[in-house]
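Inspection log for the structure reproduced underneath, given as structure tokens.
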Amino acid sequence: MKFIKSFFLTFVLIHLSNMLSGQVKNIGLPQIKNYKRTEYKGGTQNWNIDQDKNGNIYFANNSGLIQFDGSTWHKYSLPNGTAIRSVKIDSDGKIFVGGNDEFGYFNSDQKGVLRYHSLSKLIDKSTNKNINLIWRIHIYKGEVIFQSFTKVFFYKNNKLRHINAPNKFQFSFLVNNKLYFQDKVLGILEYKNQKLKPIEGSTVFNDKEIWSVFPLPNNKLLMATLEKGLFVSDGKSVTPWNTEANDFIKKNTSLGGCIIKNKFIVLNSVLNGFIVCDLNGKIIQHLNRQKGLQNNTILTSFVDNKNNLWLGLDNGITFINENSPFTFFDYSYNIGTVYSSVIFNQNLYVATNQGLFYHPWNKSFKDEPFNKVEGTIAQAWNVQVINNTLLCASNSGALVINNNKVSKILDTKGYFGFKAIPGHDNYIIGESYNGFSIFKNGPNGIEYVNQVEGFDETTNTFEIELDENYLWLKKDPYLYQMTLSSDLKRFDHIKKHTQISDKYKGIESLQYINRKIYFQAKNHFYRYSQEQESFFEDKKLSALFENIPVINTLIEDSNGNLWYSYNESLGVLLKNKNGSFTRNQAPFSNLTGNLVNNYISVNTIDPSNIFIGLTDGLTHYDSKIPNSFITKPKAFIESFSFPKDTILIGNLKTVSKEFRLPYSSNHVKFTFSSPTYENQENLMYSYKLEPFDDSWRNWSTVAIKEYTNLREGSYIMKIRAKNSYGIISDISEVKFTISPPWYRHFLAYLLYFFLVIGAVYIISNRIQSKIRKNKYYETIEQRRLYLEKESKIRYEQHELEKEIEKLKNDKLQIKILAKDKELVNNSLQVVKKNKVLNGIIHKLKDIDTNILDDSTKFEFNKLHKSIVKEVNTDKSWKDLEKHIKNVHFDFLKRLKEKYPTISPRELDLSTYLLMNMSTKEIAEIMNISGGGVELARYRLRKKLGLNKKENLIGFLMSI
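If you number the sequence shown the way the UniProt record's numbering does, the last residue is 959 and the count never jumps.
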């Protein structure tokens with residue numbers, strides 16, 4: 001351990017001096033954001049970059065001027081449609097541009113639209129023919145200077161003058177408030193008192209093409225040439241800058257560059273991206289296509305107002321977040337998801353989903369990727385240093401790592417991690433996929449001893465802690481309290497806890513802090529008392545997390561800092577010298593969603609070297625870099641649109657006036673912008689339209705809002721932005737008034753008033769006239785109503801009499817039908833009687849009269865004759881048939897007319913059915929069986945054309 005500490009100290013002294021002196025880090029990759037031409041909808045090449053006071057970025061592009069406000073891209077072209085090679089913005093917001101045989105400036109009109117104003121028109125025609133390409137624009141001592149290969153133009157107070165190149169200009173440079181030009185014959189010329197003065201010894205550059213000049217200490221200048229490398233000039237002589245940066249430029253050629261905070265020089269290359277070096281020529285950072293750029297040819301670079309870097313590429317635009325304490329190791333360094341990291345034997349080891357990887361700690365991280373530890377091909381969950389031995393817990397088992405390869409496989413089961421056992425020197429316990437195993441550090445190193453019996457449940461995280469008495473395991477939803485036997489071969493006792501407090505349900509995390517084991521529920525921390533066999537709260541520790549969202553992981557690093565995770569985010573309580581803690585949470589909001597849940601890994605080597613595991617690699621955090629990169633964002637209403645017009649408010653110099661809209665334009669749309677270019681995906685907006693909205697709308701990444709059918713009145717649209725660090729901008733607002741429609745205008749209401757007065761007068765006169773007329777007509781109307789009423793009464797009386805007559809007829813008809821029914825019944829009784837008498841007659845015939853005496857025989861014959869006479873003289877059935885036909889004559893006539901083919905027998909059946917006679921009664925009358933009646937009904941239905949669903953009797957009654 002002493003060796004490691006001394007090594008760390010040496011590393012800090014050797015490697016961190018540059019990091020502490022500025023923002024550019026020499027370890028890992030900064031955040032890179034590439035913009036393709038399909039996004040900014042311009043040409044491929046971007047030649048120059050500048051920024052206005054609002055933070056908007058402008059690019060000199062092959063297709064024109066490209067403007068970016070953080071949300072929206074706009075393109076503005078020159079009148080001749082040529083490419084723009086240079087751009088410069090003055091303090092008044094004028095955007096000066098230069099192209100081929102054309103130069104001038106863009107300025108916003110009253111509606112915020114950038115309008116082009118040509119300055120080349122101020123030149124006489126003979127000079128205008130030979131302007132050539134305007135490559136550089138400078139603002140120097142109140143003048144705007146446009147430099148081409150043949151001339152340099154000076155613009156001030158709407159006047160233009162020029163100086164011809166002595167021979168041929170290459171480029172020009174403004175350094176330390178001095179303006180320099182390179183002439184192909186005279187060398188470097190300094191512009192003084194409206195004259196060009198050669199610098200001594202600078203003709204050595206006549207065969208070299210200088211693209212940029214940078215200031216160095218001691219009044220020296222650094223010249224970056226296209227193909228010859230880097231040179232230093234002290235004003236008298238020129239010498240090569242024999243440095244690491246010079247070797248890179250000579251190999252890859254240079255297209256100039258820029259300087260960051262007068263401490264770091266950015267050098268663009270044609271073949272291999274760009275480098276950032278210090279003022280001694282040591283390369284601090286090298287980025288190219290392999291490390292995230294979309295193109296290796298860097299045409300221009302620019303440092304914005306937050307010390308972040310913009311690159312104009314041969315194909316595209318790139319933003320690099322240099323002003324951040326975070327850098328990243330991603331796929332370009334050969335690593336995936338990181339679960340753990342550790343420093344051992346001058347190597348940085350990281351456990352990933354693809355195995356265990358390492359990188360020499362004392363070598364530069366600029367170009368070398370991580371190497372895989374030989375023998376680790378499966379998922380590595382943990383890498384730890386225990387008893388000065390490097391152990392890897394992986395899917396392949398418990399592995400001992402030595403000389404960057406697996407030297408011993410202790411056990412082939414999958415493991416999550418290892419812990420030293422308190423009170424048992426040289427013994428280690430490992431958590432495997434299905435229990436625990438014991439290892440011992442002996443003369444031959446660490447060896448596998450035995451599997452601990454009594455617990456074989458499957459686990460999926462490494463959440464265990466040990467004290468002198470228990471092994472504690474958190475495995476949702478339980479907390480296991482386990483007692484190891486003295487021989488470490490089994491668990492003597494296992495107890496499950498579902499909660500540690502009556503107030504708070506569940507157990508969020510298990511942690512080892514300040515050499516004590518803590519259990520956490522809802523940000524309340526508890527310890528276990530063996531004497532009382534219960535948990536008690538540590539209110540001092542709980543108080544630290546009182547205003548922090550509920551955490552799910554807490555880690556104490558080597559410096560006593562407390563790292564916590566919540567809602568897939570990270571924060572830290574930094575421990576001060578007096579033992580208090582300072583909360584630091586905002587910088588880590590950029591890592592939200594990228595942390596490895598349940599496997600939070602924070603490896604603090606020292607305050608300047610903190611490694612955090614991510615789902616897509618590893619991040620390096622330097623807590624020594626001040627939080628100056630966390631600034632309050634600016635919010636702008638970028639545009640204000642309504643039917644037939646759009647006002648680009650973001651381009652206006654001031655927005656003091658109130659916009660007045662006609663009622664027909666009450667459908668308005670706003671777009672928002674915030675020139676915050678780092679972590680743009682986490683930038684959110686909130687807005688409020690007063691008095692339409694009662695409160696601020698919820699935060700959203702959507703940068704557009706529409707309102708339709710607004711009523712007339714005065715409105716104030718307010719917007720604010722919140723960056724990825726949670727900082728809210730000041731409120732930006734726009735006032736506008738919607739005029740009422742013509743029919744709700746003041747003059748319209750005045751007109752309505754007079755119209756109402758006139759209408760009241762006219763209506764009053766007409767009413768009086770109407771009253772007089774009404775009195776006349778009222779008398780006539782009353783007479784008419786009386787007559788109508790009398791006529792109506794007579795009509796109703798007549799109708800009533802008719803109704804009474806109808807009711808009488810209906811009543812009579814009902815009586816007739818009842819009588820018919822009675823008559824039928826009586827007739828049926830007669831029929832039955834005759835049948836009985838006939839039966840008696842037949843039985844009398846069977847009696848032998850010869851055996852009777854004469855008197856008896858006489859009486860018998862007399863009885864027989866009287867019975868026969870009674871039967872033969874009974875005509876009641878014929879009378880009934882005649883009566884029925886007479887009563888239902890009209891019905892039988894209508895039925896015969898409608899169905900001519902109907903038989904007399906069927907007519908009789910129809911009549912009987914109409915009289916609602918039963919099947920039995922019909923059978924007796926027609927002298928047929930009940931089945932015969934049903935057959936007759938079936939034939940009648942068929943002849944009448946009725947289907948099965950239609951009612952036969954109802955049909956007959958309807959005829």
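All residues carry an ideal CB built from backbone N, CA and C; glycine is no exception. Keep in mind it's a predicted model, so treat the numbers as computed, not measured.
L313 is bridged by DSSP to I298, G316.
As a beta-bridge residue in DSSP terms, P198 pairs with L189. By alpha-carbon distance to T72, the top candidate from W699, E638, I767, A936 is E638. With at least 16 other beta carbons inside 10 angstroms of its own, S674 counts as buried.
Approximately 11 Å separates the beta-carbon atoms of I163 and F146; this is outside 8 Å, ruling out the contact.
In the same chain as Y415, and ignoring 5 residues on each side of it, the C-beta atoms closer than 6 Å to its own belong to A393, A398, G430, S432, in chain order. Only residues of its own chain outside the window of five on either side were considered, and among them A586, S589 have a CB closer than 7 Å to the CB of G726, listed in chain order. Here N246 is near G229, since their CB atoms are less than 7 Å apart. Burial check for F326: the Cβ neighbour count within 10 Å reaches 16 or more, so the residue is buried. Positions of the alpha helix (DSSP H) runs, each at least 4 residues long and wholly inside the region 12-75, are given as 17-21, 37-40 in order along the chain. In the three-state reduction of the DSSP assignment, Q354 falls in the coil class. Collapsing the DSSP output to three states places E681 in a helix. For D207, the secondary structure class from DSSP, reduced to helix, strand or coil, is helix. Rounded to whole angstroms, the gap between the alpha carbons of G99 and L614 is 46 Å. Taking a C-beta distance under 7 Å as the contact criterion, V87 and Y58 qualify as a contact pair.
The C-beta of F68 has 16 or more other C-beta atoms within 10 Å across all chains shown, which makes the residue buried. A Cβ-Cβ contact shorter than 7 Å links E678 with N321. Distance between L78 and D101, taken at the CA atoms: about 11 Å. If you check the CB distance, Y707 and F736 do not come in under 7 Å. For R660, the three-state secondary structure derived from DSSP is strand. Following the DSSP letters along the chain, one finds A420 inside the beta strand (DSSP E) bounded by residues 415-420. In the three-state scheme derived from DSSP, where H, G and I count as helix and E and B as strand, G932 is classed as helix. Secondary structure within the region 222-301: the beta strand (DSSP E) runs of 3 or more consecutive residues, fully enclosed, are 230-233, 238-240, 254-260, 264-269, 274-278, 283-287 (chain order). Between F455 and G435, the C-beta spacing is below 7 Å.
Taking 7 Å as the cut-off, the Cβ atoms of F103 and S91 do not count as close. Taking each of K503, V550, Q532, F519 in turn and checking the Cα distance to D538, the smallest one comes out for F519.
Under the DSSP assignment, E638 falls outside any alpha helix (DSSP H), being part of the beta strand (DSSP E) whose first and last residues are 636-642.
Here the region 679-698 does not lie against the region 610-627, with fewer than 3 beta-carbon pairs under 8 Å apart. Bridge partners of E805 according to DSSP: none are assigned.
Going by DSSP, K898 is part of the alpha helix (DSSP H) stretching over 889-898. In the assembly as shown, F214 is a buried residue. Its beta-carbon has 16 or more other beta-carbons within 10 Å.
Taking a cut-off of 8 Å for Cβ pairs, the region 546-566 and the region 601-608 touch, as three or more such pairs fall below it. Take H117, set aside five residues on each side of it, and the residues of its chain with a beta-carbon closer than 8 Å to its own are G104, Y105, F106, N107, in chain order. For the beta strand (DSSP E) assignment, the uninterrupted runs of no fewer than 3 residues enclosed by the region 97-160 are, from N- to C-terminal side, 102-108, 114-118, 134-140, 143-148, 151-156. Take Q499, set aside five residues on each side of it, and the residues of its chain with a beta-carbon closer than 8 Å to its own are K505, G506, I507, A521, in chain order. Counting the other CB atoms within 10 Å of its CB gives N61 a total of 16 or more, which places it among the buried residues.
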